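K.L.:
Supplied in structure tokens, the structure appears directly below.
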Amino acid sequence: MVKTEVDLLCTQVDLVSGDLVLNRGNPEWWSFHDIDFSSGCGQFGGPMAIIVSEETPQGILGETLSKFSIWGLYITFVLAVGRFIRLQCADLRMRIPFENLPSCDRLMAICEDIYAARAEGELEVEEVLYWTLVKIYRSPHMLLEYTKPD
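With the numbering used here as the guide, the letters of the sequence shown map in order to residues 112 to 261.
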């Protein structure tokens with residue numbers, strides 16, 4: 112049976128003894144010092160590790176950064192802002208003629224006449240008014256003429 116390095120390390124762990132010290136400075140750090148320097152793994156005298164830990168930022172931003180990193184936060188922000196802008200600008204060129212007209216009083220009057228004709232049962236008048244409204248909306252020149260302020 113061949114022993115791997117992990118098996119060898121696991122069997123040798125009991126032979127290592129040392130002190131784990133918290134060094135109080137600015138910043139604080141942990142240090143590990145081997146007590147019995149003669150014991151070790153092969154040609155090495157024993158493990159020595161210096162581990163430096165940073166404080167994690169607090170608050171919502173700190174928790175988000177610690178979970179997702181700065182790239183995750185950046186990508187999330189860019190995607191959210193991009194999606195919001197896309198929703199605001201979706202079909203903008205289709206909405207401009209209808210939202211930025213100077214005065215829609217005549218168009219509203221035609222719509223109300225269509226409603227009144229339907230209520231009275233004047234279906235021929237309703238159809239004529241409907242197709243007049245469609246013709247106005249299909250022609251930008253006529254649309255501007257009908258929506259000029261009085």
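We treat Cβ as the ideally placed atom computed from N, Cα and C, and that holds for glycine.
The model shown is predicted, which means the values in this text are computed figures rather than measured ones.
Rounded to whole angstroms, what's the CA-CA distance from E237 to E223? Just pull it up for me.
P.N.:
Using only the alpha carbons, I get a separation of about 10 angstroms.
K.L.:
Mind the definition here: the stretch 242-259 touches the stretch 210-226 only if three or more C-beta pairs lie below 8 angstroms; say whether that holds.
P.N.:
Yes, since at least three Cβ pairs between the stretch 242-259 and the stretch 210-226 fall closer than 8 angstroms, the two stretches touch.
K.L.:
So for S180, helix, strand or coil by DSSP?
P.N.:
Of the three classes helix, strand and coil, the one that applies to S180 here is helix, per DSSP.
K.L.:
Pick out whichever of W242, T243, P251 has its Cα sitting closest to the Cα of N211.
P.N.:
Comparing Cα-Cα distances from N211 to each of W242, T243, P251, the minimum goes to P251.
K.L.:
Name, in chain order, the residues that DSSP records as bridge partners for H144.
P.N.:
H144 is bridged to D130.
K.L.:
Can you have a look at I207 and say buried or exposed, based on whether 16 or more other CB atoms are within 10 angstroms of its CB?
P.N.:
Answer is exposed; the Cβ neighbour count stays below 16.
K.L.:
Exposed or buried, which one is I247 when buried takes at least 16 other CB atoms within 10 Å?
P.N.:
Under this definition I247 is a buried residue.
K.L.:
Can you name, in chain order, every residue of its own chain whose Cβ lies under 8 angstroms from the Cβ of A228, other than the five neighbours on each side?
P.N.:
Cβ neighbours of A228 beyond the five flanking positions: L234, V236, E237, L240.
K.L.:
What separation, rounded to the nearest whole angstrom, lies between the Cα atoms of I225 and G232?
P.N.:
Looking at the two C-alpha atoms, the distance is approximately 11 angstroms.
K.L.:
Would you report the Cα separation of I181 and R217, rounded to the nearest angstrom?
P.N.:
The alpha-carbon atoms of I181 and R217 are separated by roughly 55 angstroms.
K.L.:
Considering Cα atoms alone, identify which of R194, L172, F195, G193 is closest to L184.
P.N.:
Comparing Cα-Cα distances from L184 to each of R194, L172, F195, G193, the minimum goes to L172.
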